[in-house]
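Under the numbering used here, the first residue of the sequence shown carries the number 2, and numbering increases by one thereafter. We treat Cβ as the ideally placed atom computed from N, Cα and C, and that holds for glycine. Values in this document were obtained by computation on a predicted structure and should not be read as measured data. Heads up: the structure comes next, in structure tokens.
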Amino acid sequence: MVVNKNRWLVQPAPIFPPAILRALWSQPEERRHVKSVMCNLLRKLEKPIHTTELSQLTDLAAKYYGKEF
2 MVVNKNRWLV QPAPIFPPAI LRALWSQPEE RRHVKSVMCN LLRKLEKPIH
52 TTELSQLTDL AAKYYGKEF
């Protein structure tokens, strides 16, 4: 895609529907996968996430999806 004489590489962002995210988040290995996908997306956007921010994101997800996660 070319915009204003600049070439852009357009890629779809990963989308996790709520039911799928809940299922993934309930499994430790899959939870790591979700975190990895988020970190990779942020790195590609040149907005790397720090460990403390990832921890806050994890806490928010645990609050939203329940204490069992």
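Query: Which residues does DSSP pair with V3 in a beta bridge?; Result: R8
Query: Measure the Cβ-Cβ separation of V35 and L42 and say whether it is below 8 Å.; Result: no
Query: Check K36 in the structure and name its three-state DSSP category.; Result: helix
Query: Do you know whose CA, among K45, S37, L22, E30, lies nearest Q12's CA?; Result: K45
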